[in-house]
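In what follows, a structure is listed as structure tokens, so that the remarks can point back to it.
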Amino acid sequence: MVIGVEAEVAEAGPWRRLVRRKLAVFGLVLIALIVIGALFAPLIAPYSPNEQHFEGLTLQGAPLPPGGDFPLGTDLLGRDLFSRILYGARTSLIIGVVANGLALIIGTLIGVTAGYLRGWIGTILMRFTDLMMAFPALLLAICLAAIFQPSLWIVAMVIALVNWVQTARVIYTETTSLAERDFIAAEKTLGAGTGRILFHHILPHLLPILLVWGTLGISTTVLLEATLSFLGIGVQPPTPSWGNIIFENQTYFQSAPWLVFLPGFAILILALAFNLVGDALRDVLDPTQRGRS
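Numbering (our numbering) for the sequence shown: 1 to 293.
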């Protein structure tokens, strides 16, 4: 009976195996809610994210607590915090997808090229990757962000230039292993060119790894963007970002803690959701993990 169940699980498609994992489904639901909130922010948000309300501050000029016309309270300028968090989700998702996509492309190109060609080209590319990995990621991102004028797309580019190295190292290892397989040797014997081997054999085998790294990398990207914005060198106000919301309101940490905890909680939820889905994808797409819970 147990063997029959394991055989059924092994024969099921990746999607069916994924949805059988409760934590993965929970992560997918969280991601769906965040994406819906970001896409329909103009319809859901009660106010414009940059609109300053005269009635949004106390008589002493302090932010209002959650309740009444402002569900999550207001910030130091009397702006609705709920609206800014909703629009901030757009910023986090855009940077997460764009920056992580660029990092995957750069890392894949370098890793595949070095792993397949090898020789002096592979050596130079991998030593350059090792050199980049030697720098602390946050410090390198701060230096790059300080050189360029911070904006949404500049921050995405900076994060991509920092995060590609891990992908390149993993793809290099997998490509080196694939290049030694018998079916690759057979293709070379039959006269297949480098382009055909890479696009018809190497890259299709790398897609599961790229999917897993792409999912897990979004959470890392969101956290790095929030860190840069908190340090004041990320997405610049008045564009709402969860990191710069915390940065702008950190002086009210004791008197108005919701201004720090709520955007911080949003960052935590988004990172947790993508990590849950990424871990489940790794187990589902890795043959050695099938049948395990």
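Using N, Cα and C, we set each Cβ at its ideal position, and we do this for glycine too.
How many Å lie between residue i and residue j at the Cα?
i, j, result
"Gly291", "Gly195", "With a pLDDT of only 43 at Gly291, under the threshold of 50, the placement of this residue in the model should not be trusted, and no figure is reported."
"Leu211", "Ala134", "26 Å"
"Arg90", "Pro240", "9 Å"
"Leu104", "Asn163", "8 Å"
"Asp283", "Pro208", "11 Å"
"Leu276", "Leu23", "6 Å"
"Ser229", "Val19", "35 Å"
"Gly68", "Phe274", "33 Å"
"Ala41", "Tyr47", "10 Å"
"Ser151", "Leu216", "24 Å"
"Gly27", "Lys188", "43 Å"
"Gly193", "Leu178", "16 Å"
"Ile95", "Glu225", "8 Å"
"Met132", "Val165", "7 Å"
"Leu30", "Leu223", "17 Å"
"His201", "Gly278", "24 Å"
"Val260", "Leu268", "12 Å"
"Asp80", "Gly56", "8 Å"
"Trp153", "Gly101", "13 Å"
"Phe242", "Arg127", "A quick correction: the sequence has Trp, not Phe, at residue 242. Going from the Cα of Trp242 to the Cα of Arg127 covers about 36 Å."
"Phe247", "Asp182", "55 Å"
"Ala32", "Asp75", "27 Å"
"Ile218", "Trp258", "25 Å"
"Glu180", "Thr173", "11 Å"
"Ala280", "Val25", "9 Å"
"Phe265", "Val170", "31 Å"
"Leu190", "Ile184", "10 Å"
"Val158", "Leu109", "18 Å"
"Gln149", "Arg21", "43 Å"
"Ala186", "Leu198", "14 Å"
"Phe70", "Gln52", "12 Å"
"Pro136", "Asp130", "12 Å"
"Phe82", "Leu43", "13 Å"
"Leu311", "Leu117", "Because the chain spans 1 through 293 in this model, residue 311 falls outside it and cannot be assessed."
"Leu272", "Thr251", "27 Å"
"Pro66", "Thr220", "30 Å"
"Ala7", "Arg16", "Here the model assigns Ala7 a pLDDT of 44, short of 50, so the residue's position is not dependable and the matter cannot be decided."
"Leu125", "Leu77", "49 Å"
Check the C-beta distance from residue i over to residue j and give it rounded, since I have them as a contact under 8 Å.
i, j, result
"Leu59", "Gly73", "Rounded, the Cβ-Cβ distance is 16 Å, inconsistent with contact."
"Ala156", "Val98", "4 Å"
"Asn244", "Gly234", "6 Å"
"Leu231", "Ile142", "7 Å"
"Pro263", "Gly88", "7 Å"
"Gly122", "Gly115", "7 Å"
"Gly214", "Thr175", "Not quite, the Cβ-Cβ distance comes to about 17 Å (not below 8 Å), so this is no contact."
"Leu353", "Ile34", "With the chain running from 1 to 293 in the structure shown, residue 353 is simply not present."
"Ala38", "Leu93", "5 Å"
"Ala45", "Ala256", "Rounded, the Cβ-Cβ distance is 20 Å, inconsistent with contact."
"Thr227", "Leu138", "7 Å"
"Leu299", "Pro49", "It is not possible to answer for residue 299, since the shown part of the chain is limited to 1 through 293."
In this structure, what does DSSP give as the bridge partners for residue i?
i, result
"Thr74", "Asp80"
"Pro63", "Leu57"
Going by DSSP, what residue range makes up the alpha helix (DSSP H) through residue i?
i, result
"Gly232", "Here Gly232 belongs to no alpha helix (DSSP H), and DSSP marks it neither H nor E."
"Ala24", "Lys22 to Leu39"
"Pro314", "Past the edges of the chain, shown from 1 to 293, lies residue 314, and the structure says nothing about it."
Taking the runs of the beta strand (DSSP E) that are 3 residues or longer, which of them lie wholly in the segment 86-171? none
Going residue by residue through the segment 182-222, where are the continuous beta strand (DSSP E) segments of at least 3 residues, counting only ones entirely within it? none
List, from N- to C-terminal side, the beta strand (DSSP E) runs of 3 residues or more that fit wholly inside the segment 233-272. none
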